[in-house]
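Protein chains in written order, with this note's numbering: chain S, 1305 to 1531; chain Y, -18 to 95.
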């Protein structure tokens, strides 16, 4: 079974080497055989250059298009190269590569999409305001896309071949996380949640989705539905 | 119809200019027939309001709004909201198309350590 780990990255030169080194070490430890793809989303620093010795493939966006566009590029690569499974993995070091085998096991048991949830796993250092914003995001995702999830904004996802072949991401930026659920609903894919371990660091909190960006994400979702 | 007021002449020139732009854009293929019809309807309604302002008062009375001019202002605000919204949708679509182009280029230039 061919597996691809998709790591979208934008200006992550400070952490990308650590993230990829840890990812490689954990894959070796857990006997996970997979290719690593870094999608350098138009970084102004040398994220792509630093990634190349540690990743199997690097795709470079000539301009910054956003998280959604970078993930869509990764999924398109998986589709064209005939991968059976893919896992999306954050480049800022907050995801634990030890969760990848759990996602793959779920996919192998027949699920089309696996979402890594921060709310059924252990999470250290999540601020209260962030919890409120994430719960509201779950509610909005449910209202817009008809699917209840405990973590609609999770960046850790596993996709089966069926999902890789059929999911069509249109959004460019952070709203992509909710759009995945729209696609699950539209395509009738079966999905499962698995607990994942998240490490919140000052760096990942600074780099990640801002609470203040929630209004913009909501507007984008409305635009998406009216296109 | 009595002699036109200066404001009516100004508005008439503006409406004719705007309608001609819509027709030219349709001929040039920039907008579709649906959009042309929408704009011509808007400008026709505007012409009626310019030359027969008393009609707007009648509409205001039916809607329960005080004055005819208020109906025009409320309707204009609603249309502007709608148009700004459509503009955002259009902008998002353009952004998506640009991303698709960038994606295709990146997929052709895959860097591999293998």
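Think of the CB as a built atom: it goes at the ideal place given N, C-alpha and C, for glycine as much as any other residue.
Spatial distance of residue i from residue j (CA atoms)
i, j, result
"residue 1449 of chain S", "residue 1469 of chain S", "20 Å"
"residue 1498 of chain S", "residue 3 of chain Y", "54 Å"
"residue 1327 of chain S", "residue 76 of chain Y", "32 Å"
"residue 1453 of chain S", "residue 1438 of chain S", "11 Å"
"residue 1367 of chain S", "residue 1332 of chain S", "33 Å"
"residue 1474 of chain S", "residue 1480 of chain S", "8 Å"
"residue 48 of chain Y", "residue 36 of chain Y", "11 Å"
"residue -13 of chain Y", "residue 1472 of chain S", "55 Å"
"residue 59 of chain Y", "residue 65 of chain Y", "10 Å"
"residue 1378 of chain S", "residue 1372 of chain S", "10 Å"
"residue 1310 of chain S", "residue 1435 of chain S", "26 Å"
"residue 1419 of chain S", "residue 1477 of chain S", "19 Å"
"residue 22 of chain Y", "residue 84 of chain Y", "40 Å"
"residue 61 of chain Y", "residue -8 of chain Y", "18 Å"
"residue 1363 of chain S", "residue 1389 of chain S", "19 Å"
"residue 1308 of chain S", "residue 1404 of chain S", "11 Å"
"residue 29 of chain Y", "residue 1446 of chain S", "46 Å"
"residue 89 of chain Y", "residue 1385 of chain S", "12 Å"
"residue 68 of chain Y", "residue 74 of chain Y", "10 Å"
"residue 1500 of chain S", "residue 1347 of chain S", "28 Å"
"residue 72 of chain Y", "residue 16 of chain Y", "17 Å"
"residue 1455 of chain S", "residue 1484 of chain S", "12 Å"
"residue 1361 of chain S", "residue 82 of chain Y", "20 Å"
"residue 31 of chain Y", "residue 39 of chain Y", "14 Å"
Environment of residue i [buried if 16+ CB atoms lie within 10 Å]
i, result
"residue 1382 of chain S", "buried"
"residue 1464 of chain S", "buried"
"residue 1432 of chain S", "exposed"
"residue 1400 of chain S", "buried"
"residue 1391 of chain S", "buried"
"residue 1357 of chain S", "exposed"
"residue 93 of chain Y", "exposed"
"residue 33 of chain Y", "exposed"
Three-state secondary structure assigned by DSSP to residue i
i, result
"residue 21 of chain Y", "helix"
"residue 1312 of chain S", "strand"
"residue 1321 of chain S", "helix"
"residue -12 of chain Y", "helix"
"residue 1352 of chain S", "helix"
"residue 1412 of chain S", "helix"
"residue 48 of chain Y", "coil"
"residue 34 of chain Y", "helix"
"residue 1486 of chain S", "helix"
"residue 1434 of chain S", "helix"
"residue 29 of chain Y", "helix"
"residue 1326 of chain S", "helix"
"residue 1474 of chain S", "coil"
"residue 1442 of chain S", "helix"
"residue 1333 of chain S", "helix"
"residue 1368 of chain S", "coil"
"residue 39 of chain Y", "helix"
Chain A contact for residue i (CB, 9 Å cutoff)
i, result
"residue 1476 of chain S", "The chain inventory of the structure shown lacks chain A, comprising the protein chains S and Y."
Paired residues, beta bridge with residue i - DSSP
i, result
"residue 1361 of chain S", "S/1341, Y/93"
"residue 1497 of chain S", "S/1419"
"residue 1399 of chain S", "S/1502"
"residue 1391 of chain S", "S/1309, S/1462"
CB-CB length for residue i against residue j, believed under 8 Å
i, j, result
"residue 1396 of chain S", "residue 1365 of chain S", "Not a contact, Cβ separation roughly 18 Å."
"residue 1494 of chain S", "residue 1387 of chain S", "Actually they are not in contact, since the Cβ atoms of residue 1494 of chain S and residue 1387 of chain S sit about 19 Å apart, beyond 8 Å."
"residue 1359 of chain S", "residue 1342 of chain S", "4 Å"
"residue 55 of chain Y", "residue 46 of chain Y", "7 Å"
"residue 1482 of chain S", "residue 1458 of chain S", "Rounded, the Cβ-Cβ distance is 11 Å, inconsistent with contact."
"residue 1462 of chain S", "residue 1410 of chain S", "7 Å"
"residue 1504 of chain S", "residue 1430 of chain S", "6 Å"
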